[in-house]
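Please read the structure below before turning to the comments.
Chains as they are written, first to last, in the working numbering: chain A, 7 to 283; chain B, 3 to 110.
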C-alpha cells in the first residue's frame, strides 16, 4: 500500500513537472498575442519600431528624421570596420556563414558544443580573438557600428531564433524569461514592468517601447546617449535606470535574456539599426 | 537664594548632564564603524552572490568609507547602517522574486 501511495505521489509530481514544463513556441505565441490584443490597431510587423508604432506624434518626427538618419555615420563606419582585414589578413566575413551578410536574424544562437548562448556581439569578439585581435568593448562605438552594419544587411528578414532539442538550450531560454520578469533594483522594476505592463505609457519624457520586437531595431542611436548603443549597453542602462548595479556586458544572464527576447519576436523583421529619442 | 532659583539651577544642571551624557553616548568610535561596515559589507556581498546589488547600497558604503577616512565616525556608522538596511532589502527582493516573478509572466 505504501508503495502504491509513493508511486502515486511520484506520478503526480511528474505530471506537475510536465505541466510546469516550458513550451517556448506556445509561450512566444501568447507573448505576441498579448501585444496584438493590447494594441489592435498596430500592424504586427510595426512593433519593431518601438514607441513609433504606438505614438502618432513621435512617429511623424521619426519619419522626418529617417530621411537623414542619425545612425548613418555609424553604419558607414561599421561597413569599413567589417571589411578591414585583421593583422593576419583574414576578415570578420571569414568567421560567419554567408560572409557575415544577412545573418543578424539568426542571432543569438545556442552553441551545443559549449552549451551556451552566443550573441552577435560575442561572436564578433570571438572572431577577433580567434584571429589574434583584442576584443573590443561591448558598449563602445566600434561594436555598435559593426552590429549596425550586420543588422542593416538583414533588414526585413524575420527573426529566426532556434531552441534546439537540448535541455541546456531550454534552460537558457527559461533563465532569460525569468530574468525578464524578475523585479530588481531599488525601484523594484522588472523588464516587463516597462515593456509588458506599460508600453505606450510615458515614463518621464519617454514613451515606453513594447517588449515585442524590442531587439529587432538594435543597435540604436539614442539622442539621450548622443550616439549609438549596443544591446549590451541597453541592458546595462536598464539595470542602472531601476537603480540596480548593472551586470557585466555579455554575462550569462544578459545573453540568456537576449535569447528569450529574440525568440519571442520570431517572425518579426529586423529593422536595425534604429533611432530612439 | 530663592527656592525658584534653586529649582532653576537644579533643572539647568540636569539638562546639561542629559546633553553631556547623550553626547558621550552618541559619539561613535572607529571600532563601531568597523563593526557596522563589516555587517553592511557582508550583506552587500550576499546581494552580489544573488546578482542583485543596488546602486544606493554602493553609494552608502562609499559614503561610510569617506566619512571614516575623515574620522567622522558618527556619520560613518550611520551610512554603514543605511547600507546594511539597503543590502538586506535587496536580498529580500531577490529571494522573494524567486517565485514572485511568475505573477508577471504571460502564459499560454
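All C-beta atoms, glycine included, are put in the ideal place defined by N, C-alpha and C.
Residue 63/B versus chain A: which residues are under 9 Å apart at the beta carbon?
-> Taking the second chain and counting its residues from 1, one reaches residue 63/B at position 61. Among the residues of chain A, none has a CB under 9 Å from the CB of residue 63/B; the nearest is roughly 11 Å distant.
Hey, residue 69/B and residue 39/B: beta-carbon distance below 8 Å or not?
-> For the purposes of this step, residue 69/B is taken as the residue at position 67 of the second chain. For the purposes of this step, residue 39/B is taken as the residue at position 37 of the second chain. No, the Cβ-Cβ distance between residue 69/B and residue 39/B is not below 8 Å.
Which value, in whole angstroms, describes the spacing of the CA atoms of residue 79/A and residue 51/B?
-> As a first step, residue 79/A is located in the first chain; it is residue number 73 there, counting from the start. As a first step, residue 51/B is located in the second chain; it is residue number 49 there, counting from the start. Straight-line Cα distance between these residues: approximately 41 Å.
For residue 196/A, collect the residues of the same chain with a Cβ closer than 6 Å to its Cβ; drop the 5 residues on either side in sequence, then sort them by chain order.
-> By one-based count along the first chain, residue 196/A stands at place 190. The residues are 187, 188, 189.
CB contact check: residue 107/B to chain A, cutoff 8 Å | To locate residue 107/B, count along the second chain from 1; it is residue 105. Yes, its Cβ sits closer than 8 Å to a Cβ of chain A.
Taking the C-alpha atoms as reference points, what is the distance between residue 234/A and residue 73/B?
-> The sequence position of residue 234/A within the first chain is 228, counting from 1. The sequence position of residue 73/B within the second chain is 71, counting from 1. Taking C-alpha positions only, residue 234/A is separated from residue 73/B by approximately 44 Å.
Do you know how far the Cα of residue 57/A is from the Cα of residue 84/A?
-> On the first chain, residue 84/A is found 78 positions in, with the first residue counted as 1. On the first chain, residue 57/A is found 51 positions in, with the first residue counted as 1. Going by the C-alpha atoms only, they are around 26 Å apart.
Roughly how many angstroms lie between the CA atoms of residue 58/B and residue 90/A, to the nearest whole one?
-> Locating residue 58/B in the second chain gives position 56, counting from the first residue. Locating residue 90/A in the first chain gives position 84, counting from the first residue. Looking at the two C-alpha atoms, the distance is approximately 44 Å.
Where does the unbroken alpha helix (DSSP H) through residue 149/A begin, and where does it stop?
-> Locating residue 149/A in the first chain gives position 143, counting from the first residue. Taken as a continuous stretch (DSSP letters only), the alpha helix (DSSP H) holding residue 149/A covers 147–158.
For residue 193/A, is the classification buried or exposed, using 16 other Cβ atoms within 10 angstroms of its Cβ as the cut-off for buried?
-> The count along the first chain starts at 1 and reaches residue 193/A at position 187. When all chains shown are included, residue 193/A counts as exposed.
Beta-carbon gap between residue 128/A and residue 87/A smaller than 8 Å | Here residue 128/A corresponds to residue number 122 of the first chain, with the count starting at 1. Here residue 87/A corresponds to residue number 81 of the first chain, with the count starting at 1. No, Cβ-Cβ distance for residue 128/A and residue 87/A is not below 8 Å.
Of all the residues that make up the segment 24–57 of chain A, which are near chain B by a beta-carbon distance shorter than 8 Å?
-> Along the segment 24–57 of chain A, going in chain order, the ones with a CB nearer than 8 Å to a CB of chain B are 29, 32, 33, 35, 36, 37, 40.
Where residue 13/A sits in the DSSP three-state scheme | For the purposes of this step, residue 13/A is identified with residue 7 of the first chain, where counting begins at 1. Residue placement at residue 13/A is poorly supported in this model, since its pLDDT is 40, which falls under 50; the coordinates still yield a value, given next. Residue 13/A falls in the helix class under three-state DSSP.
Using a C-beta to C-beta distance shorter than 8 Å, which residues of chain B count as neighbours of residue 202/A?
-> Here residue 202/A refers to the residue found at position 196 of the first chain. Those are 106, 108, listed as they occur along chain B.
Hey, residue 53/B and residue 253/A are a contact pair by Cβ (cut 8 Å); roughly how many whole angstroms apart?
-> Indexing the second chain from 1 puts residue 53/B at position 51. Indexing the first chain from 1 puts residue 253/A at position 247. Rounded to the nearest angstrom, the Cβ distance from residue 53/B to residue 253/A is 6 Å, consistent with a contact under 8 Å.
Label residue 109/B either buried or exposed according to how many other C-beta atoms from any shown protein chain fall within 10 Å of its C-beta, with 16 as the threshold for buried.
-> Here the question's residue 109/B lines up with position 107 in the second chain. In the assembly as shown, residue 109/B is an exposed residue. Its beta-carbon has fewer than 16 other beta-carbons within 10 Å.
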